Amino acid sequence: MNRHVTEATVPVDALWHPRPDLTVNVRADRLLRGSRPKPVGSGDRVLHIYHFSYGWLTPVLAYLMSFVGSLLGLQCAARARAGEHRALWLGLAALAIGGTGIWVMHFIAMLGFSIQDAQIRFDVPITLLSAATAIVVVGIGLTLVQAPRPRPLALGAGGAITGLGVGGMHYTGMYAMRSDATIGYDWRVVTLSLMIAVVAATAALWFTVHVRGMAAAVGAALIMGVAVCGMHYTGMAAMHAHRGHHGTPPGTDPLAMLAPLIVVISLVTMLLLIAVSLTSIERDIDLPPLRPTAVRPVTDDIAPPPKSSPSGTGYPRSGG
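The sequence shown lines up with residues 1 to 320 when you count with the UniProt record's numbering.
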């Protein structure tokens, strides 16, 4: 039996546009269809991803918000160590670091994200879930390391929980993104981003326990901002996009979410600044406690009377 199949027996156009009156060899049909080049615009076309669509504006603003949130969070954590209203200050620290320092940084950076020839929208409920995730996991980490009697492994456990939670926040936020492109991830880069998140979270929690003074807090916040931004852009580097045919994506345009975001950020930042400033003023006007002093008897300040003379008077005899 001759198994050799020649291309001349089956025209290629016949396979692209089959006709009922044409008898096609099944094996030749499979061979030719398998080797047929895919037309441009098919689902396998790789699309370019742009992380800085507005230039350096979005990464600089993202880093600035990460720095501000980290600095306010460190100040709140320092007040939680004082013991007064500890739960309140830990909650404010989680809001500052997790909300402003991490999630707001993530969202601002996402405003500069775009995909070639693709639309991007966001699912608002899932986006808000990612924000809540960041605040909750930071709160758990702070509670572990700021306990009155922290366990020896509290820092490691808190860093792991917070770091993996922050990574979950990032990829939850990415899942909230709706696009007409098909999006995938490189698991190796995803793993690297999670490792960076755990290391960054552990360092941040260590700072909340050991940093003293404004100068040290500023330096720590600068480092925390670099770590958070590094984790975000590493996670974004794991993404790849291909052309899809999903139609107009549902959801909200990211620019339409910008105005509400600015209002919320402003209110939260002012609340944190007022809280931190008021406690600083109270500490400055506190009077030092009165120290007990030794009270001397009143008689100690009175000179003793002169000794009596033999004549019975208090004055010495005059000569003659």
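Even for Gly, the Cβ is constructed at its ideal location relative to N, Cα and C.
This one's a predicted model, so the numbers in the text were calculated from it and none came from an experiment.
Range covered by the beta strand (DSSP E) that runs through residue i
i    : result
S193 : First-last for S193: W187 to H210, but that is the alpha helix (DSSP H), not the beta strand (DSSP E).
F52  : Note, F52: premise wrong, no beta strand (DSSP E); not H, not E.
I120 : I120 to F122
Beta-carbon gap between residue i and residue j smaller than 8 Å
i    : j    : result
A96  : L72  : yes
W89  : L155 : no
S114 : T172 : no
A221 : V189 : no
D253 : R81  : no
F67  : G112 : no
P250 : R149 : no
R79  : T279 : yes
I223 : T100 : no
M65  : V104 : yes
G98  : G139 : yes
G127 : A201 : For clarity, residue 127 is Thr in the given sequence; the question names Gly instead. Their beta carbons are not under 8 Å apart, which means T127 does not touch A201 by this criterion.
Y63  : G225 : yes
Residue span of the alpha helix (DSSP H) that contains residue i, given as start and end
i           : result
R243        : Run containing R243: none in the alpha helix (DSSP H); it sits in the beta strand (DSSP E), M239 to R243.
residue 337 : The requested residue 337 does not occur in the structure, where the chain is confined to residues 1 to 320.
L105        : Just to set this straight, residue 105 is Met in the shown sequence, not Leu. Looking at the DSSP string, the run of the alpha helix (DSSP H) that includes M105 is M105 to L111.
residue 387 : Since the first residue shown for the chain is 1 and the last is 320, residue 387 is missing from the structure and cannot be characterised.
Alpha-carbon to alpha-carbon, residue j and residue i
i           : j    : result
A118        : G55  : 19 Å
residue 324 : I102 : Residue 324 lies beyond the residue range present for the chain, which begins at 1 and ends at 320; the question has no answer from this structure.
A217        : L255 : 33 Å
I49         : V268 : 32 Å
I285        : S277 : Confidence at I285 is low in this model, with a pLDDT of 47, below 50, so its placement is unreliable and no value can be given for it.
A227        : A94  : 17 Å
C76         : M239 : 35 Å
T191        : I135 : 22 Å
R45         : M174 : 21 Å
M214        : S70  : 12 Å
F107        : M257 : 10 Å
G247        : L92  : 42 Å
L153        : I161 : 12 Å
Nonlocal neighbours in the same chain, by C-beta distance under 6 Å from residue i, ignoring five residues either side
i    : result
T182 : H242 and G244
G158 : G141, L144, V145 and L205
A197 : G163, V166, G167 and M231
P289 : At P289, the pLDDT of 47 sits below 50, so the modelled position is not reliable; the number obtained from the coordinates is stated separately. So no residue of the chain qualifies.
L61  : I108
Same chain, Cβ closer than 7 Å to residue i, five either side skipped, listed in chain order
i    : result
G165 : T133 and V137
L74  : F207, T208, V211, A217, A220 and A221
Own chain partners of residue i with C-beta closer than 8 Å, once the 5 adjacent residues on each side are dropped
i   : result
H47 : The sequence given here places Leu at residue 47; His does not occur at that position. Same-chain partners within the cutoff: I115, Q116, D117, A118, A181, A241, H242 and R243.
Indicate whether the contact test is met: 3 or more Cβ pairs, each with one atom in the stretch 260-275 and one in the stretch 230-241, closer than 8 Å. no
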